[in-house]
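Chains as they are written, first to last, in this note's numbering: chain A, 544 to 800; chain B, 54 to 314.
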């Protein structure tokens, strides 16, 4: 089978051109390093700060992954429970949609009070809550938005509600769930870092960025952002891979970023 | 109650949606219809005449507000639990995540057939609908007509006594539709099942049916029942004088329905 993904070189070419333009403009216009460092300075900072960055990236990555897994599992499980009991669907789902529209990240200082200002659980809790809602809402949609004829067919074959859930609703929800996973994966890294701005252990990317920025070491801050992007991309790639493996039946062109 | 040998005995069927409200809609009123085993009966009528509702009442997917439905001498509910019904709809409604063979085997899985028996039967059904080489394809890899053939194979895989079809060829282009009609008749004759077929196509009803039930809308009532006898049908039948006479008769009935409303 031919590769399902689009050719990889066009974004790379554009990315390299963008970097070159950035480097050229900063040099040409003599932009101050504290406003916008050159890509070459950032690359150098990544090298210089590699040991603290590696540790911080690893720790922040762990927070993101732990929060992502718990949030995703909780979101999917609650969606299952709600879809099985109609009376919950009318009450819980609109509430979740409303909560999803609130800036959950604002909860970070509250979680610091709950779990302790230096506890990593304060950060993970933010990730869990941020990830939970898109997964819950999308999975719930997939469980309920089944073709009415398919439900009628199952009923005409004397299938029970549990059988319909297992044989129709859950497989129908799988693409919705996996799409939400692909959205949630990079979101988990954003949530982890923003939560770290407010508290949690110090050897993380969040504090690394704020501390270096406060000492005007902007190239170092940018270097941490590069590491954070790499983690986000890795999680995104992993979830896209899961999506591809879990749905061998999908038509190829429907898998796109 | 006297046990009936008929496939369907519907007596005094009425169905009101949103009863006791201002939006109450009488979908069906005073429907009496008997379908004999092995018969091919079409339901035709303008939109809103309740033909799809009637099909669902027969299949125990909608319960009537009045009247009774007896299917092979049992209640419709019992017939459904006994898996006497095969169903096909306008949308093929195949399950994306199942290969073609697994889609056909779905009713057999529900009925608890063994893996070997299931694969044997799905292979048989695939050759019946002439899709042998597509067993391992996924639904999206098939054209609309092929998907509909798989849906029919699925509906018939467990040899249901009664096949209920709701405009199954409604979404197909004219030529595919005519091929599918011939295919359906061939399969129907081979398996000797009973068919209730909802359509809004006059030639389709005339071509396929032993009897055409013409319905009038608001509330849905039986306007007339037209007996059709075109004998053995093939592509040439469509150009015959007898076929033209039958479509004219069905058309006249539908026109008088329109004139009434």
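Virtual Cβ for every residue (Gly too), placed ideally from N, Cα, C.
| query | result |
| --- | --- |
| Spatial neighbours of residue 725(A) in its chain, beta-carbon cut-off 7 angstroms, leaving aside the 5 residues before and after | 779, 782, 783 and 786 |
| Cβ pair residue 268(B), residue 247(B) closer than 7 angstroms | no |
| Proximity of residue 44(B) and residue 102(B) at Cβ, strictly below 7 angstroms | Limits of chain B in this structure are 54 at one end and 314 at the other, which puts residue 44(B) out of reach. |
| 7 angstroms Cβ cutoff, residue 557(A) in contact with chain B | no |
| When 107(B), 100(B), 84(B) and 289(B) are compared against residue 250(B), the one with the closest alpha-carbon | 107(B) |
| Residue-level contact to chain A via CB, residue 144(B), 7 angstroms cutoff | yes |
| Burial state of residue 765(A), where buried means 16 or more other Cβ atoms lie within 10 Å | buried |
| From 262(B), 302(B) and 274(B), residue whose alpha carbon lies closest to that of residue 93(B) | 262(B) |
| Distance CB(residue 178(B))-CB(residue 208(B)) smaller than 7 angstroms | no |
| Beta-carbon proximity list for residue 663(A), same chain, < 7 angstroms, skipping 5 on both sides | 606, 743 and 744 |
| Pair within 7 angstroms by beta-carbon distance, residue 608(A) and residue 674(A) | no |
| Chain-ordered residues of the segment 185–199 of chain B with a beta carbon less than 9 angstroms from chain A | 191, 192, 193 and 194 |
| Residues of the segment 153–179 of chain B whose Cβ lies closer than 9 angstroms to any Cβ of chain A, in chain order | 159, 160, 162, 163 and 164 |
| Distance cut-off 6 angstroms: residue 199(B) Cβ against heavy atoms of the ligand ADP | The ligand ADP is absent from the structure shown, which contains no ligand whatsoever. |
| Segments assigned beta strand (DSSP E), at least 3 residues, entirely inside the segment 130–197 of chain B | 138–141 |
| Chain-ordered chain B contacts of residue 792(A) [CB-CB under 7 angstroms] | 149, 150 and 191 |
| Range of the contiguous alpha helix (DSSP H) that encloses residue 104(B) | 104–111 |
| At least 3 beta-carbon pairs within less than 8 angstroms: the segment 160–180 of chain B vs the segment 713–733 of chain A | no |
| Inter-residue CB distance, residue 146(B) and residue 188(B) (contact presumed, cutoff 8 angstroms) | With a Cβ gap of about 19 angstroms, residue 146(B) and residue 188(B) do not count as contacting. |
| Beta-carbon contacts of residue 54(B) that lie in its chain and below 6 angstroms, excluding the five residues immediately before and after | Caution applies to residue 54(B), whose pLDDT of 48 falls short of 50 and renders its modelled position unreliable; the model cannot decide the point. |
| Chain A contact residues for residue 134(B), given Cβ-Cβ distances below 8 angstroms | 701 |
| Partners in chain B for residue 698(A), counting only beta-carbon separations shorter than 7 angstroms | 114 |
| Proximity winner among 213(B), 309(B) and 66(B), relative to residue 277(B) (alpha-carbon distances) | 309(B) |
| For residue 603(A), the nearest candidate out of 574(A), 559(A), 768(A) and 630(A) (CA to CA) | 768(A) |
| Coarse secondary structure for residue 662(A), derived from DSSP in three states | coil |
| CA nearest to the CA of residue 762(A), picked from 575(A), 684(A), 551(A) and 658(A) | 575(A) |
| Proximity test, Cβ basis, 7 angstroms: residue 218(B) and chain A | no |
| DSSP-derived helix/strand/coil call for residue 264(B) | strand |
| Given residue 716(A) as reference, the closest of 641(A), 619(A), 596(A) and 581(A) once Cα atoms are compared | 619(A) |
| Rounded Cβ spacing between residue 653(A) and residue 617(A) (contact assumed at less than 8 angstroms) | Actually they are not in contact, since the Cβ atoms of residue 653(A) and residue 617(A) sit about 19 angstroms apart, beyond 8 angstroms. |
| Whole-angstrom C-beta distance between residue 218(B) and residue 141(B), which should lie under 8 angstroms | 5 angstroms |
| Buried versus exposed, by CB contacts within 10 Å (16 or more), residue 693(A) | buried |
| 8 angstroms Cβ cut-off: residues of chain A touching residue 241(B) | Under the 8 angstroms cutoff, chain A gives no residues; its nearest Cβ is about 18 angstroms from residue 241(B). |
| Which of helix, strand or coil DSSP assigns to residue 87(B) | strand |
| Any C-beta of chain B under 7 angstroms from that of residue 693(A) | yes |
| Length of the line joining the Cα atoms of residue 255(B) and residue 622(A) | 46 angstroms |
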